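Per the working numbering: the sequence shown = residues 2 to 156. For glycine and all other residues, C-beta sits at the position ideal for the given N, C-alpha and C. Note that the coordinates shown come from a computational prediction; the quantities given were computed from them, not determined experimentally. For reference, the structure is listed below as structure tokens.
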Amino acid sequence: MAVRALIPQLTATLDQMRARMERRAYAPGDVIIGQGTLDPEFHVVVDGLVSVEASGMRGRRRELGTLGPGDAIGDMALLTGDPASADVIASSPVSTYAISRERLIALGDLRAQLMEALAQLLAVRLRHANERLIAERSAEQHAIAVAPPVLPALS
2 MAVRALIPQL TATLDQMRAR MERRAYAPGD VIIGQGTLDP EFHVVVDGLV SVEASGMRGR
62 RRELGTLGPG DAIGDMALLT GDPASADVIA SSPVSTYAIS RERLIALGDL RAQLMEALAQ
122 LLAVRLRHAN ERLIAERSAE QHAIAVAPPV LPALS
């Protein structure tokens with residue numbers, strides 16, 4: 002779901018920031034943000050689709066989702082100051098507006114507005130992730146409860 006649909010405050014803030022952001026273009030397969038990157042740029046997808054993928058502790062890759070026009074990327078690292086938690090890879094031709102942490106710091110009140118809106122966005126994403134986990138867990142428990150018996154009945 003696009004960030005603009007989730008957080009109305011973010012729409013106004015991004016509209017004000019657009020003039021200070023750089024337009025970027027990516028071809029399919031290009032890595033926009035690499036997992037582990039320190040201080041990745043903050044992007045808003047204008048056109049195209051990106052895949053968000055991460056490697057776990059055992060090296061297993063997992064696609065976490067697909068984002069498109071209006072979605073933010075690099076937002077978690079921007080808020081936490083931690084390295085990027087996932088790869089963001091162009092799935093199609095992609096264009097974004099991007100801004101570095103250094104340029105954001107110079108925006109003063111506009112930066113504060115962005116950070117508040119992104120915190121709200123991440124709270125919404127966390128709630129959705131929790132709901133998916135609960136639904137998956139319920140489906141697993143249901144499947145276990147209705148599975149046919151494997152052992153013959155004892156008489």
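For Leu68, the enclosing beta strand (DSSP E) starts and ends at 62-68.
Taking C-beta atoms as the reference points, Leu80 and Leu39 fail to come closer than 8 Å. For Ala91, the secondary structure class from DSSP, reduced to helix, strand or coil, is strand. Arg59 has its alpha-carbon roughly 30 Å from the corresponding atom of Val46.
Between the beta-carbon of Val51 and that of Ser101 there is about 19 Å, and that puts the pair past the 8 Å contact cut. Annotation for Gly49: Tyr27, Gly69, Pro70, Ala91, Ser92, Ser93, Pro94, Val95, Ser96 place their beta carbon closer than 8 Å to its own, counting only its chain and skipping 5 residues before and after. Around the beta carbon of Ile33, a 10 Å sphere encloses 16 or more other beta carbons of the protein chains shown; the residue is thus reported as buried. Distance from the Cα of Thr67 is smallest, within the candidate group Leu115, Gly37, Ala87, for Ala87. Note on Asp76: 16 or more other CB atoms within 10 angstroms of its CB, so buried under the neighbour-count rule.
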